[in-house]
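Shown next, in structure tokens, is the structure this report addresses.
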Amino acid sequence: MPAEVEGLLRGLAPQVLGAVVRRFGNFDTAEDAVQEALLAATTQWPDSGIPDNPRGWLITVASRRLTDLLRSEYARRRREDTVARQVLPEEWLAPSADRPGKASDDTLVLLFLCCHPSLSPASQIALTLRAVGGLTTAEIARAFLVPEATMTRRISRAKQRIKDSGVPFGVPAGPGRLAAVLHVLYLIFNEGYASTAGPELQRTELTAEAIRLARLLHDLLPGDSEVTGLLALMLLTDARRAARTGPGGALVPMAEQDRGRWNADNIAEGIELITAALPDGPVGEYQLQAAIAAVHDEAPSAEETDWPQIVALYEALLRLSDNPVVALNHSVAVAMAKGPRAGLELLAAVEERLPGDHRVDAVRGHLLELAGEKAAARESYVAAANRATSLPQQRYLHRRAGMLS
């Protein structure tokens with residue numbers, strides 16, 4: 000399939016699915032119909048050419064197929080009497096397929112629908128990647144290291160739960176649902192940037208998809224400063240990706256990274272976004288995290304990092320959300336600004352909130368190493384390695400411990 004057609008279909012898929020669900024209200028069957036429309040496009044467009052209105056073409060084909068599927072389902076259940084009393088889908092009042100619609104609205108509402116509050120975060124992530132991201136169930140299963148059958152059941156249950164909820168297709172009122180969408184995209188990015196389990200440190204397909212969806216959301220809601228902040232955070236963080244691994248995929252901590260390998264374009268774009276977002280409206284968590292990432296990325300070297308500014312930003316972040324992971328990062332920043340002992344004092348309180356988390360042991364090992372307590376640092380590194388589930392992180396922590404022997 001030509002790259003032009005593939006790229007076009009990838010961008011249109013969530014718009015078409017959103018439009019079909021909005022018009023007909025059946026998420027699961029609508030997705031099947033849209034997949035068939037996309038398949039028809041991949042076989043026909045390379046020979047016949049891309050239609051003047053490709054979105055309308057796909058909606059028309061999907062709508063016809065959906066009608067066929069629903070009729071078949073009705074017939075299978077022997078509900079002809081019910082069907083006779085109902086209005087068929089093609090007779091519902093809805094915008095015609097060949098008339099330009101609000102594609103952006105449909106995609107935005109689809110994102111909200113996938114992040115329905117009745118779903119668990121894992122189900123929200125899976126459904127978002129499937130319906131909006133266009134990833135296959137097999138791709139999502141590989142990304143999260145679960146069998147494809149498990150992911151299929153998870154997605155099916157999520158669709159059924161949405162159907163049972165009876166929530167109409169539309170943009171929900173209140174900021175809570177947007178916060179859920181942002182959180183899901185944030186989780187997708189984090190899992191791709193620092194995999195929690197498995198042989199790979201990074202899963203670039205997830206970080207790339209999270210950034211693509213964040214860009215899409217930013218295009219739909221350009222005036223929302225937290226949406227802008229999340230996109231900036233992703234760009235500023237992903238800018239370091241190439242320098243995070245050495246030979247054989249070994250983890251390279253930020254202080255030891257070759258900053259010449261950082262993506263300058265991503266850094267410039269991220270800084271421009273966060274600079275514009277901070278003065279515009281209330282400051283939120285993603286904006287503050289992006290500001291912290293910007294301070295790191297702007298430093299010419301690890302030694303020249305403005306740690307006092309990072310400490311201040313973390314303290315502002317803690318006032319917004321007393322998250323234990325933020326508190327853990329704050330303890331590191333304090334250690335770098337005021338000395339390892341100051342950081343270790345804060346770490347003691349964090350440990351109570353993150354029992355058994357390998358990151359606490361890893362940070363303790365690092366701070367003890369900075370304090371010159373090599374034996375204690377080695378012990379903490381080994382404990383962290385034994386608790387970590389990511390193989391690259393395990394190897395890195397064992398290597399740090401070995402360097403202190």
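Take the sequence shown: its letters are residues 0 to 404, numbered as in numbering that gives the first Met the number 0. Ideal Cβ positions, reconstructed from N, Cα and C, are used throughout, including at glycine. Since we're looking at a predicted model, the values are computed, not measured.
Return the bridge partner residues of residue i from the DSSP annotation.
i: Leu-250; result: Thr-244
One question on the structure: do residue i and residue j come within less than 8 Å of each other, judged by their Cβ atoms?
i: Arg-63; j: Leu-11; result: no
i: Gly-342; j: Ala-348; result: no
i: Leu-37; j: Leu-8; result: yes
i: Gly-222; j: Ile-273; result: no
i: Arg-243; j: Leu-200; result: yes
i: Thr-203; j: Ser-389; result: no
i: Ser-224; j: Gly-280; result: yes
i: Leu-312; j: Ala-326; result: no
i: Ser-379; j: Leu-369; result: no
i: Gln-288; j: Leu-234; result: no
i: Val-153; j: Ala-130; result: Per the sequence shown, residue 153 should be read as Arg rather than Val. Going by C-beta atoms, Arg-153 is not nearer than 8 Å to Ala-130.
i: Ala-376; j: Leu-403; result: yes
i: Leu-186; j: Gly-132; result: no
i: Lys-162; j: Asp-27; result: yes
i: Trp-306; j: Ala-332; result: yes
Can you look up residue i in the DSSP assignment and give me helix, strand or coil?
i: Ser-330; result: helix
i: Gly-55; result: helix
i: Gly-133; result: coil
i: Gly-197; result: strand
i: Trp-44; result: helix
i: Phe-405; result: The displayed coordinates of the chain run from 0 to 404. Any statement about residue 405 would go beyond what the structure contains.
i: Val-15; result: helix
i: Leu-118; result: coil
i: Pro-323; result: helix
i: Gln-256; result: coil
i: Ile-124; result: helix
i: Phe-111; result: helix
i: Ile-49; result: coil
i: Phe-143; result: coil
What residue range does the alpha helix (DSSP H) around residue i cover?
i: Thr-206; result: 203-219
i: Arg-363; result: 357-369
i: Ala-400; result: 390-402
i: Gly-228; result: 224-237
i: Ala-384; result: 373-386
i: Leu-343; result: 339-352
i: Thr-151; result: 147-164
i: Gln-413; result: In the structure displayed, the chain extends from 0 to 404; residue 413 sits before or after that span and is not available.
i: Pro-1; result: It is not in any alpha helix (DSSP H) - Pro-1 carries neither H nor E in the DSSP assignment.
Q. At which residue ranges does the stretch 263-299 contain complete alpha helix (DSSP H) runs of 4 or more residues, listed in the order of the chain?
A. 263-276, 284-297
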